[in-house]
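Have a look at the structure below before the remarks.
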Amino acid sequence: MKEKARREFDAWAHSYDNSILQRLLFEPSYSAFLQWIHAWYSGDAKRRRLLDIGCGTGTLAARVVGADLPFDVVGLDYSFPMCDKGEGKAVEAGVADRVCFVNADSEHLPFPDASFDVVTCSNSFHHYPHQQETVHQMRRVLMPGGRLMLIDGFRDNMIGWFVFDVCVGSAEKPVFHSPWSTMRRYFERAGFARIMQHKIGILAPILLTIGEVEP
Ligand SMILES: C[S@@+](CC[C@H](N)C(=O)[O-])C[C@H]1O[C@@H](n2cnc3c(N)ncnc32)[C@H](O)[C@@H]1O
1 MKEKARREFD
11 AWAHSYDNSI
21 LQRLLFEPSY
31 SAFLQWIHAW
41 YSGDAKRRRL
51 LDIGCGTGTL
61 AARVVGADLP
71 FDVVGLDYSF
81 PMCDKGEGKA
91 VEAGVADRVC
101 FVNADSEHLP
111 FPDASFDVVT
121 CSNSFHHYPH
131 QQETVHQMRR
141 VLMPGGRLML
151 IDGFRDNMIG
161 WFVFDVCVGS
171 AEKPVFHSPW
181 STMRRYFERA
191 GFARIMQHKI
201 GILAPILLTI
211 GEVEP
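Number 152 in the working numbering belongs to position 152 of the sequence shown; there are no gaps in the numbering.
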């Protein structure tokens with residue numbers, strides 16, 4: 001499953017930013033993350049660290065450091081060409097001193113416990129064969145008071161079921177879009193203190209799940 005995803009995204013890396021899915025799925029995900037990050041951290045004097053898992057070509061990373069936010073960002077992706085593209089974009093945007101990319105697997109995060117304030121992950125989780133373990137890993141690298149924001153396809157209504165289970169599922173097979181209740185259970189079992197879930201969008205609905213670590 002992971003090798004198949006790696007091959008898919010190695011091949012997609014150079015045209016990924018021009019995909020029609022940017023408007024439908026990826027942009028709404030970046031906007032949702034940025035809205036929450038601004039609400040929580042705008043004007044914060046403390047320097048903070050954000051880890052974006054399955055970061056693709058690093059668009060979110062570049063936007064977070066390009067905004068007036070107190071973050072340095074690490075983008076992590078299993079596909080080397082995706083990381084390479086992200087590095088190029090960070091250099092072009094003049095933000096390479098505050099962003100770095102790590103070519104690694106989400107299931108084995110190469111970071112010490114409690115090393116990030118925020119972990120984000122968008123449109124990538126359905127590729128992970130061991131989803132509960134991965135949420136445990138995400139929780140492990142968060143500091144006290146830290147936050148995980150995870151976005152993936154919302155497949156709990158007719159439209160979402162058709163888009164994600166039928167269309168994306170057959171194009172990217174094997175993948176698994178977790179129902180909202182399963183996602184909530186992953187977060188509960190990983191020990192998050194407060195969990196919120198929001199459905200975003202109509203034609204390509206996505207599910208944002210937020211978990212906060214006890215301060
Ligand atoms: C559809 S892209 C999403 C990129 C970006 N987060 C976005 O929303 O545009 C999915 C990304 O997840 C990465 N990915 C898939 N499986 C992974 C794994 N096991 N560990 C880390 N990254 C993975 C892929 O290489 C790809 O770049």
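Note that CB positions come from ideal geometry on N, CA and C, so glycine has one too.
Check: If residue 64 and residue 51 are in contact, beta carbons under 8 Å, what's the gap, nearest whole angstrom?
Finding: Rounded, the Cβ-Cβ distance is 11 Å, inconsistent with contact.
Next item on the list: Consider the C-beta atom of residue 171 and the heavy atoms of ligand 1; say whether any pair is separated by less than 7 Å.
Entry: no
Note to self: Please identify the residue among 179, 145 and 190 whose C-alpha is closest to the C-alpha of residue 197.
What the structure shows: 179
Margin query: If you reduce the DSSP assignment to three classes, tell me which class residue 75 lands in.
Written below: strand
Note to self: Just to confirm before moving on: does the CB-CB distance between residue 116 and residue 150 stay below 8 Å?
What the structure shows: no
Notebook entry, point to check: Between residue 148 and residue 211, which are expected to be in contact by the criterion C-beta below 8 Å, what is the C-beta distance as a whole number of angstroms?
Noted result: 5 Å
Next item on the list: From the DSSP output, read off the bridge partner residues of residue 152.
Entry: 207
Note to self: Excluding the 5 residues flanking residue 193 on each side, which residues of the same chain have their C-beta closer than 7 Å to its C-beta?
What the structure shows: 212, 213 and 214
Next item on the list: Look up residue 33 in the DSSP assignment and say whether it is helix, strand or coil.
Entry: helix
Note to self: Measuring only the C-alpha atoms, how far is residue 69 from residue 199?
What the structure shows: 25 Å
Note to self: For ligand 1, I want to know if residue 113 counts as a neighbour, meaning its beta carbon is within less than 7 Å of at least one of the ligand's heavy atoms.
What the structure shows: no
Checklist line | DSSP beta-bridge partners of residue 25 | finding: Residue 25 pairs with nothing; no bridge assigned.
Check: Closest to residue 106 by CA distance: which of 29, 75 and 97 is it?
Finding: 75
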